[in-house]
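There are 4 protein chains.
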Amino acid sequence: MEALSSKYKRVRKRSEDICSTLKTEDYVVQPMVDVSPPKWHLGHTSWFFETFLLISHLKGYTPYDPTYSYVFNSYYESLGVRVIRTDRGNLSRPTVEEVYDYRHHVDAAMEDLLSGSISDQVNMLTVLGLNHEEQHQELLATDIKYILGHNPLFPTYREISNPIRVATGAEEFIVIQEGTYDIGFNGSGFCYDNELARHMVYLPAYKIAKELVTNGQFLEFIEDGGYHKHEYWHAEGLEWVKNNNLVAPLYWHHMNNQWVHYNATGIKPLKLDEPVAHISYYEAFAFATWKEMRLPTEFEWEVACGQFDWGDRWEWTGSAYLPYPGYSKAAGPVGEYNGKFMVNQMVLRGASVVTSPGHSRPSYRNFFHPHIRWQYSGVRLAQRMN
Amino acid sequence: MEALSSKYKRVRKRSEDICSTLKTEDYVVQPMVDVSPPKWHLGHTSWFFETFLLISHLKGYTPYDPTYSYVFNSYYESLGVRVIRTDRGNLSRPTVEEVYDYRHHVDAAMEDLLSGSISDQVNMLTVLGLNHEEQHQELLATDIKYILGHNPLFPTYREISNPIRVATGAEEFIVIQEGTYDIGFNGSGFCYDNELARHMVYLPAYKIAKELVTNGQFLEFIEDGGYHKHEYWHAEGLEWVKNNNLVAPLYWHHMNNQWVHYNATGIKPLKLDEPVAHISYYEAFAFATWKEMRLPTEFEWEVACGQFDWGDRWEWTGSAYLPYPGYSKAAGPVGEYNGKFMVNQMVLRGASVVTSPGHSRPSYRNFFHPHIRWQYSGVRLAQRMN
Amino acid sequence: MEALSSKYKRVRKRSEDICSTLKTEDYVVQPMVDVSPPKWHLGHTSWFFETFLLISHLKGYTPYDPTYSYVFNSYYESLGVRVIRTDRGNLSRPTVEEVYDYRHHVDAAMEDLLSGSISDQVNMLTVLGLNHEEQHQELLATDIKYILGHNPLFPTYREISNPIRVATGAEEFIVIQEGTYDIGFNGSGFCYDNELARHMVYLPAYKIAKELVTNGQFLEFIEDGGYHKHEYWHAEGLEWVKNNNLVAPLYWHHMNNQWVHYNATGIKPLKLDEPVAHISYYEAFAFATWKEMRLPTEFEWEVACGQFDWGDRWEWTGSAYLPYPGYSKAAGPVGEYNGKFMVNQMVLRGASVVTSPGHSRPSYRNFFHPHIRWQYSGVRLAQRMN
Amino acid sequence: MEALSSKYKRVRKRSEDICSTLKTEDYVVQPMVDVSPPKWHLGHTSWFFETFLLISHLKGYTPYDPTYSYVFNSYYESLGVRVIRTDRGNLSRPTVEEVYDYRHHVDAAMEDLLSGSISDQVNMLTVLGLNHEEQHQELLATDIKYILGHNPLFPTYREISNPIRVATGAEEFIVIQEGTYDIGFNGSGFCYDNELARHMVYLPAYKIAKELVTNGQFLEFIEDGGYHKHEYWHAEGLEWVKNNNLVAPLYWHHMNNQWVHYNATGIKPLKLDEPVAHISYYEAFAFATWKEMRLPTEFEWEVACGQFDWGDRWEWTGSAYLPYPGYSKAAGPVGEYNGKFMVNQMVLRGASVVTSPGHSRPSYRNFFHPHIRWQYSGVRLAQRMN
């Protein structure tokens, strides 16, 4: 098994790799409230290690800069006044270079801490910090895409886009029999508190698609007037569509009588056999309704996921993000990680092309508000058996 | 069994009874977006019968006034342009008298329609219309309370308040064993489509309180600083509390060093042994967390509800409002009744002091957004068994 | 000269006459923030007499209802907490009948006060109160028009519309020579503090139209694409036009390929030779620019007004509402009447079809924000001499 | 006289000098809507020369990058779709380096254009472009102050602050006799169209302070409760104060029982004898009212300004920004420079510590909305003679 200090270096390096093609300016801006400036991600993940590990567990360590706790804190109510998220894009200082200096200072101290024998507490918090960092790596990737993809110059991020599984065209389904199934994490490694409290769930028989919905299929929905027909939508979804004049997934543009989309390599023609991405729960639901199917619940997904390929798109489920029956919130700041978000959000399962390797698992629960679409969110169809 | 025409008269009369002490002016205003002017409720429920029964099923019937369909339509997208809800409080015409004339005109035509032999379709739609009217009766009562309770003159609605079951002080719990239970409607009378598709749900063992949380218990939460301690709240709940400077349930006022509340008889001292009402899901959740318990799921409530008294307060559950596994939306306008609201809302079970007699049942699902508190919403605690 | 008590009765009666065709419901609503419910006007004007005259000057008088001071106060900061204007439309109580009772109670007490010999202070305050009432009469008329004209039933207010001077078609101008002119009130009767401090103003030579701009002329502007050509508009005017999707004056509708407008008698075809009304300063300015002319300043208007007919339309001027050089604010509540509004507003001169008889004069200064158009505001063109 | 090409180089260099201590990140952010990112100023001023001079007047010149016209256009409606100002802070590209490359490319081409004999049109447009650049230099300075002064790290901009004239403490006044005075530009050099059309204005006798109001005097106003007493404020000013919880000028902070303020060198103790800066028109007006004086009109200021020192603070006047009687808007884009802003703004006269040398003059009219305070705006008192 990989040593913790080695894993620490590997994971931390990956965050910097994601930013390696950025210009200094790209690190600074925040074009919408859900996006954070890349430099904030780099600082915040370092602040996490400094606050929860170095200050408490490394003898003699003093905070690198006391103002950073104000700048790089996130939503940790118990640690003091929160920086309002919309303000992050107004902060030119600390500079990108200063953030990297901070980062490397923290890394050196962490190496120091991890070089000797470490307590279970340090081990647990370091693993949590690395998983936290991996979550931010995913956000880094999607935030960078948003920043560049909303710039009128449509800059290139990388020369090649992430490779993606394309559809075979065979619309096959897996059938799952009715029964009582175990749900939740049952491995031995790391998982979040929201996956714990493994429990039984009764499921009626259902079928679930082997492949994700493609751009081509979603285009049929658009061309059938799907965005304008109220019968497919939640009332709030329809209002959201109207208020924002939406006609297609995020990053799709209709230029010169052709559908194109922005990806890492710039503006490109849409590939019809790629799985659709960047749709909201509202759109996923409307599409499924139009298809006379539905989204799987998160339990249906977890039970069936061993029988299909997943990992390219976060997949919207029909489940609201709620605690499992035996859920209990951890004490202290760690307990603020999940529980307080369990309202008004929908669960996504799987992973996406920008998820860190090894970061996801069958029991992993992601969650977003139903209008969110800057993640690589897609849709897999399900249907009950008659 | 009561004849349909007799039931029609009884239910329709009850709506007018609810308004019998109102002044003309009280029928007109809309002090917040979730409240509708009483005259709108009276007109809208009549429009329902005119549109879905009289126009289609009573030979020779012509619409009473073609503009009324514009004024009294609700959220029925499939019937044309919706009146924006916030606009209802700006409409002085039709007058209250004209609305009553319209109402009585519809009633006379409905009597005509129901006097002979009627088709299954007419029977079904009339029953639906009466249940629809009963839902609006509950809204009428809570909207009138909001209108009068937000007037600086605090006018009296009725000389006596609705009688209410008070707490015994014994904090007893019912224990339910783990197992697979049937959920959903299985009677022979009327129910909504969202209660149908009876299905099995597996539940771990749990206990659930015999009595509702009281004003006195909620006051302890307030006095313990509950509204200011982030650890009890959802992040969005806390933001809602802060943005609205909330310190107590709706209608509570702290006057002359005493907690009072507004009810049908005016401003009165709070009775500590009455069940708390007019709290949001956020407050119900925070209270339960403070108590180191939780809200029951809607399934837990339905399974246990035969063993406790209910009906005075709508009870917040920990379940998001989602379709049952076998749910399918009815075709046509009737299908817009429930399905399109199944996002971002939480389920309440039970009934309240202003629910029409016979309108609720164990499988009945009410639903509101988590910040809503102008309904008689309360809280019953639950806990898992160790 | 008319006795003060007789004048009091005449003016007070006129307010009730304006409301004589209203239904109770029409008294209650507030469809936009600048409009007040008619019953509020009736109560507020009575509150003025009660507060500034009866309480201080009529021995033994006690306030009719202490809560009314909260409900009917306006923007008088020095008298206590202000009711937020947008809330007025939410108040069903006091009822219309109660407001009339209050009104008549105040009237009886005022008759008592005015029946004997009265001090200069009482005389002055009564005259101010009557002028205040006349200002509210104008608002009553325009607010009622807004309430009925924004109701989808377009109810009739009166069987006949106010008669109006129509244009002759001769586009004649009056020429005024350059010179120093006296500006401000110099009569012996009542005037507001903002007209006082008569002073000299130097004016270059100019010409000013004998007649107001007509509907027909304004229609030419519309048909020439005037609302879409930025070069005629202030930047803020253009933004206002775009944000509100405006294409014509308020109350104009394009129905069945014809321009119609709402007036006291309902929806009627537009009369092309009537002076245009219900336009904002932005629209008046854009129209004048399109005509290659400009609006007169308030000084140019005052100097020339003896040479043309006026009184049907409030006329936008090119002058911002600012204090005259010698202006000083009166002490006490009376001093809040004008001075604190002298920012961000433009001056209108003249009067309108709904101005109370005798209420206006050449030195009278009305003022509104540049986007306001629910008043009978029109435009008269001017031009400098070369 | 300085050659145009030499002046071009000097002025253009000064913009870069203002930015010489910035970090790359400081060029990018936009912490409020009135502030533009420094790189935008550098690009926009270059775009001005490219668009109005190089493309039309330099043979063979092609736009450097066609997308830049979209990014760096300002409010020039006649040149195409405007970039919404609030979006400027979201654009990471073009990078700062690319903007400087663009700038230097334009400079080289302009040197080429100005090296030979030039037409009157080129001369006029170049002078306009340099004045435009100087206006943006002032904005650059105040925008940078806002960016750094709203960063929780309060970074230093320069080691020394701009030197400033301090008050002597003698509260002396200049007396101007009544009469008719000439107003407007009458020199031979450059001026804006809004200063032209020199015309006569009649002024009553008045007196005007020799010195600006100081921090110390403004502190007395604060300590007397000036921000909380409605009688000194416009109604809209008071609402602005309340909505924003204001208690002092911008950049003032009350730390450790001491008033400090942010300036170019960081957080420093307030100097009581320096002229107050960063106050809005509302605050200037309230202060003057508290002093039982008033602001001078722009005409009073222009007539008297030869008799006092000015140039450190833009001075709020009591005049609304309106066209002079003979004003006519220039044809084409140049005509959009001033006229379309002549509504809802107040005139400031003078100049400030960050105004480019030689950029101001007695007839110069600056203008801002009454709530604006990120400029070095101050106040000089006036009073009419009795």
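Protein chains in written order, with the working numbering: chain A, 1 to 386; chain B, 1001 to 1386; chain C, 2001 to 2386; chain D, 3001 to 3386.
Note that beta-carbon positions come from the ideal geometry of N, C-alpha and C, so glycine has one too.
Bear in mind the structure is a predicted one, so any value in this text is a computation, not a measurement.
Is there a C-beta anywhere in chain B that falls below 8 Å from the one on residue i?
| i | result |
| --- | --- |
| A/Tyr102 | no |
| C/Asp2026 | yes |
Give me the chain D residues within the contact set of residue i, using Cβ-Cβ distance strictly less than 8 Å, ordered along the chain.
| i | result |
| --- | --- |
| C/Trp2233 | Lys3340 |
| C/Thr2180 | Thr3180, Tyr3202 |
| A/Gly89 | Val3029, Gly3089, Asn3090 |
Within 8 Å of any Cβ in chain D, is that where the Cβ of residue i sits?
| i | result |
| --- | --- |
| A/Leu153 | yes |
| C/His2044 | no |
| C/Arg2384 | yes |
| C/His2136 | no |
| A/Pro63 | no |
| A/Thr67 | yes |
Just to confirm before moving on: does the CB-CB distance between residue i and residue j stay below 8 Å?
| i | j | result |
| --- | --- | --- |
| B/Glu1315 | B/Trp1301 | yes |
| D/Ser3036 | A/Asp26 | no |
| A/Ala3 | A/Leu58 | no |
| C/Ile2174 | C/Gln2383 | no |
| A/Ser352 | A/Arg313 | yes |
| B/Thr1180 | A/Thr156 | no |
| A/Arg365 | A/Glu195 | yes |
| A/Ser328 | A/Thr297 | no |
| B/Thr1024 | C/Leu2153 | no |
| D/Asn3263 | D/Ser3161 | yes |
| D/Asn3245 | A/Val29 | no |
| A/Glu211 | A/Ala167 | yes |
| B/Gly1129 | B/Phe1052 | yes |
| C/Tyr2232 | C/Ala2286 | yes |
| C/Asp2182 | C/Arg2165 | no |
| B/Trp1374 | B/Thr1142 | yes |
What is the DSSP secondary structure of residue i, counted as helix, strand or coil?
| i | result |
| --- | --- |
| A/Asp101 | helix |
| C/Asp2220 | In the sequence as displayed, the identity of residue 2220 of chain C is Glu instead of Asp. Here C/Glu2220 sits in helix by DSSP. |
| D/Asp3193 | helix |
| D/Gly3237 | helix |
| A/Ser69 | helix |
| C/Val2379 | coil |
When the cut-off is 8 Å and only beta carbons count, does residue i lie next to chain G?
| i | result |
| --- | --- |
| D/Thr3156 | Among the chains of the structure shown, chain G does not appear; the protein chains present are A, B, C and D. |
Should residue i be flagged as near chain A, meaning a C-beta pair shorter than 8 Å?
| i | result |
| --- | --- |
| B/Asn1344 | yes |
Are the C-beta of residue i and some C-beta of chain C separated by less than 8 Å?
| i | result |
| --- | --- |
| D/Val3083 | Legend: pLDDT at D/Val3083 = 46, less than 50; position of this residue unreliable, no value from coordinates given. |
| B/Tyr1251 | no |
| D/Gly3326 | yes |
| D/Ser3377 | no |
Closer than 7 Å by beta-carbon distance: list the chain D residues that pair up with residue i, in chain order.
| i | result |
| --- | --- |
| A/Val71 | Pro3152 |
Quick one: which chain C residues come within Cβ less than 7 Å of residue i?
| i | result |
| --- | --- |
| B/Ile1147 | Ser2092 |
Identify the contact partners of residue i in chain B, using a Cβ-Cβ distance below 7 Å as the criterion.
| i | result |
| --- | --- |
| C/Arg2096 | The question names Arg, yet the displayed sequence has Val at residue 2096 of chain C. Residues of chain B passing the Cβ test: Glu1025. |
Inter-stretch contact (C-beta, 8 Å, three-pair minimum) for the segment 3261-3269 of chain D and the segment 3236-3246 of chain D:
no
Do three or more CB pairs link the segment 339-356 of chain A to the segment 247-256 of chain A at distances below 8 Å?
no
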